[in-house]
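Undergrad:
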Amino acid sequence: MGNPVRIPITNTELARVRFAISPVYEALQAVDVLQVPGKHAVHLPWVRWARPLVARVPGIELLAGFVGRDVRPGVLVPVPDVHMPTLEDELDAIRCADPERVRKYFDNNEPPSDRFQREFYDDPAAGLARLADVLRRVFDVLVAPHWPRILGVLEADIAYRARVLADFGVAAVFDDLHPEVRWSGGELRLSGAGLSAQLWPLAAKQVVLDGRALVLAPGVFCWPDKCVNTKPTTSGILHYPARAVGTVWETRRPAPDALSALLGRTRAELLVQLAEPGTTTQLAGRLGVTAGAVSQHLGVLRGAGLVATRRSGRAVLHLRTERAEALLR
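For the record, in the sequence shown the residue sitting at position 178 is 178 according to our numbering, with numbers rising by one throughout.
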């Protein structure tokens with residue numbers, strides 16, 4: 001996108017800024033990564049894993065006709081109304097989107113270029129239902145096997161930004177989202193080649209929140225790009241790359257023998273797994289033990305000053321302390 005996008009934010013709107021996680025956006029961006037893997041080099045380990053599975057996602061080519069554009073249909077990027085909606089809630093929002101927005105998208109951008117897009121223009125409701133079904137398959141086949149680790153990175157990003165907000169204020173949060181996102185003079189400015197947008201009105205270069213919230217949504221598969229989307233009756237949303245995206249595909253090193261001798265094998269492995277924060281359930285899945293066992297080990301590590309616990313929305317995240325980081329060096 002050549003021209004920058006501006007998001008003026010009043011003090012009232014500033015107080016309503018919130019964070020959210022969008023499962024359906026990860027599915028949509030996963031298709032983009034498969035289309036142009038060279039632009040998303042950090043995800044090449046996932047691309048090599050996913051390519052043989054694409055045949056199990058019939059219809060993925062329909063989504064491929066929309067992702068990767070500077071302007072994509074905003075109806076495919078619903079704005080979460082809670083911290084983390086279920087995938088099905090987001091797919092329902094796509095199915096129920098205003099058909100007129102689909103036609104206006106084509107009228108104001110590239111006209112339909114293939115048979116499906118022409119059918120989509122003529123019958124938006126049927127097209128939206130079909131695309132929602134494809135997104136469901138993309139998530140189930142290509143994203144869900146990695147979702148616990150993806151979710152851990154997203155929740156850790158939000159926890160980090162909550163700490164930045166508490167320590168340094170909202171301007172520091174905005175300025176740290178992306179190198180091409182800047183807060184200045186009461187407005188957020190987005191620029192750069194990796195910016196995709198769907199604004200309302202469609203010709204706008206400025207997001208008008210009109211008293212509504214701006215939702216900040218970290219993403220894994222969107223790296224290194226960012227995306228802004230607004231609709232006439234809902235909040236605006238800014239998707240940005242989460243911190244430590246590359247750790248999703250890292251192969252975990254086993255805990256050092258000396259650390260295992262000191263703490264015990266399970267507690268040492270638990271500290272290693274906390275390279276990205278996680279909930280008790282997520283950590284149990286990573287370690288292959290029960291949530292009760294993880295909770296017990298976390299209590300011991302917390303008492304030793306090696307683990308801290310933070311709330312992120314409805315989730316309770318566990319993370320390593322500086323003392324633990326020093327112990328692992």
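Virtual Cβ for every residue (Gly too), placed ideally from N, Cα, C.
(1) In the DSSP assignment, what are the bridge partners of H318?
(2) Taking all protein chains shown into account, do 16 or more other C-beta atoms lie within 10 angstroms of the C-beta of A326, making it buried, or fewer, making it exposed?
(3) Let me make sure I understand the geometry here. Which of P277, L91, S113 has the alpha-carbon closest to that of L319?
(4) According to DSSP, simplified to helix, strand and coil, what is A203?
(5) Could you tell me the alpha carbon to alpha carbon distance between R18 and L177, rounded to whole angstroms?
(6) Name the residue from E100, N229, Q206, L34 whose alpha carbon lies nearest to the alpha carbon of V333.
(7) So if DSSP puts S295 in a beta bridge, which residue, or which two residues, is it bridged to?
(8) Can you grab the Cα-Cα spacing for the pair T86 / P179, in whole Å?
(9) Measure the CB-CB distance between V138 and L63 and report whether it falls below 9 Å.
(10) Among G299, G185, I158, G152, whose alpha-carbon lies nearest the alpha-carbon of A217?
(11) Can you give me the C-alpha to C-alpha distance between P4 and W46, rounded to a whole angstrom?
(12) Do T309 and V300 count as a contact pair if the criterion is CB distance below 9 Å?
(13) Determine, using beta carbons only, whether A53 and L135 come nearer to each other than 9 Å.
(14) Taking the alpha helix (DSSP H) that V181 belongs to, which residues open and close that run?
(15) When you compare only the Cα positions, how much space is there between L238 and L287?
(16) Have a look at Q273 and S113 and give me their C-alpha separation to the nearest angstrom.
(17) Does the stretch 34–44 touch the stretch 92–106, meaning 3 or more C-beta pairs lie closer than 8 Å?
(18) Please work out which residues of its chain come closer than 6 Å, Cβ to Cβ, to R161, disregarding the five sequence neighbours upstream and downstream, and give them in chain order.
TA: On the basis of the coordinates in this document:
(1) H318 is bridged to G278, T309.
(2) The Cβ neighbour count for A326, taken over all protein chains shown within 10 Å, is under 16; the residue is labelled exposed.
(3) Considering only alpha carbons, the answer is P277.
(4) Residue placement at A203 is poorly supported in this model, since its pLDDT is 46, which falls under 50; the coordinates still yield a value, given next. Three-state result, A203: coil.
(5) Computed Cα separation, rounded: 14 Å.
(6) Outside the displayed span of the chain (1 to 329) sits residue 333, for which this structure offers no information.
(7) Answer by DSSP bridge pairing: none, since S295 is not bridged.
(8) Approximately 30 Å between the Cα atoms of the pair.
(9) Contact annotation: V138 and L63 have beta-carbon atoms nearer than 9 Å.
(10) Nearest of G299, G185, I158, G152 to A217, Cα basis: I158.
(11) Taking the straight line from one Cα to the other gives about 31 Å.
(12) In this structure, V300 sits away from T309, with a CB-CB distance that is not shorter than 9 Å.
(13) Per the sequence shown, residue 53 should be read as Leu rather than Ala. In this structure, L135 does not lie closer than 9 Å to L53 by Cβ.
(14) No alpha helix (DSSP H) contains V181, which is instead part of the beta strand (DSSP E) from 181–184.
(15) Looking at the two C-alpha atoms, the distance is approximately 34 Å.
(16) Cα-Cα distance, rounded: 47 Å.
(17) Flag = no, the stretch 92–106 and the stretch 34–44 do not touch.
(18) Counting only Cβ-Cβ distances below 6 Å, and skipping sequence neighbours, we find V173.
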